[in-house]
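Peer 1: Submitted below is the structure of interest, expressed as structure tokens.
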Amino acid sequence: MIRNTRSAYGYVTIYLHWTIAALIIGMLGFGLYMVTLPIFEPATYTLYQLHKSVGFVVLALVALRLLWKITGITPDLPDNTPRWERIAAYLGHVSLYALMLIMPLTGWLLVSTSPLGLPSVFFNLFEIPHLPVPEFLGQKAEMSEFFTEVHGWAAYAFIAVILVHVGAALKHYFIYKNKVLQRMLSLQD
Ligand code: HEM
Ligand code: HEM
């Protein structure tokens, strides 16, 4: 089963969910560690390039995931799910999708406006161009500072939302004893 049905997730959604989740959790830890390293060291530069390359992969996968979502259906929550929990799940998923886009886009914007003007080289293969940022928006250095702040704060917000999301998944498994966690782990009939 490739596509989702009214009651189950299909292969594509499941694989995209777990690949993106693993990459993002890794990138959050990696990013927080990376910024503690001495700047202007060649090894730090290499790690930043790796961070940016993986970030671009995440952006592409998230775009694919959103395309897959809007062209398909999303399984319903179990019938007995209370209204407040439906709203909480909806808001939680919207925040996760928003943060999945905000993280790589603010990363790309911060390097595009940085006065350092360093290139982003995708896995040492080819250069990814900087985003064009119109001059009327202000000084580049100030914009870069702004996007760096947003990139950093969004990372903490992301960690908080992921913790709530994992907590909710575990509540379904251990307390409600329904199939909500299993249906994101493997195909269900
Ligand atoms: C899934 C996507 C991404 C995640 C989860 C992520 C996560 C992080 C985190 C947690 C930090 C440390 C923030 C801090 O404490 O200051 C960071 C820093 C950074 N990220 Fe990302 N990032 C992502 C994508 C990108 C992309 C696509 C780029 C650039 C193309 C990028 C460029 C940077 C840079 C340059 C820094 C250092 C900023 C500084 O000097 O403080 N990131 N990232
Ligand atoms: C960076 C980490 C993660 C992100 C960004 C993320 C994102 C999402 C999003 C956006 C959805 C909604 C999918 C839809 O459109 O229907 C979802 C569903 C789900 N996630 Fe995650 N997730 C992450 C990590 C995890 C982890 C670690 C777990 C397990 C404990 C998990 C368990 C689930 C489950 C069970 C569902 C299905 C909910 C349902 O059936 O309605 N997720 N996730």
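Each residue of the sequence shown is one higher than the one before, counting from 42 in the numbering used here. For every residue, glycine included, the Cβ atom is placed at its ideal position computed from N, Cα and C. Note that the structure is a prediction, hence the values are computed from the model and not measured.
1. What is the DSSP secondary structure of Phe187, reduced to helix, strand or coil?
2. Could you tell me which residues DSSP pairs with Val162 in its beta bridges?
3. Following a CB-centred definition, is His92 positioned closer than 7 Å to any heavy atom of ligand 2?
4. Is any heavy atom of ligand 1 found at a distance shorter than 7 Å from the C-beta of Leu151?
5. Which residues have a Cβ closer than 5 Å to any heavy atom of ligand 2, listed in chain order?
6. Determine contact between the stretch 153 to 172 and the stretch 214 to 222, defined as no fewer than three beta-carbon pairs at a distance below 8 Å.
7. What first and last residue would you give for the alpha helix (DSSP H) that runs through Phe71?
8. For Asp230, which residues from the same chain have a beta carbon less than 8 Å from its beta carbon, with the 5 sequence-adjacent residues on both sides left out?
9. Alpha carbon to alpha carbon, what distance is there between Gly208 and Tyr72?
10. What residues in its chain sit with their C-beta under 7 Å from that of Val202, if we drop five residues either side in the sequence?
Peer 2: Let's see:
1. Phe187: helix per DSSP, three-state reduction.
2. According to DSSP, Val162 bridges with Glu168.
3. Checking the Cβ of His92 against ligand 2 gives no.
4. Because some heavy atom of ligand 1 lies under 7 Å away, the Cβ of Leu151 counts as near it: yes.
5. Those residues, listed in chain order, are Ala62, Ile65, Thr115, His134, Leu137, Ile203, Val207, Ala210, Val221, Leu222 and Met225.
6. Output reads no: the stretch 214 to 222 does not touch the stretch 153 to 172.
7. First-last of the alpha helix (DSSP H) with Phe71: Tyr52 to Met75.
8. Short of 8 Å from the beta carbon of Asp230, and not among the five residues preceding or following it, lie these beta carbons of its own chain, in chain order: Ala49.
9. It should be pointed out that residue 72 corresponds to Gly in this sequence rather than to Tyr. Rounded to whole angstroms, the separation of the alpha carbons of Gly208 and Gly72 is 24 Å.
10. Gly133, Ser136, Leu137 and Leu140, listed in sequence order.
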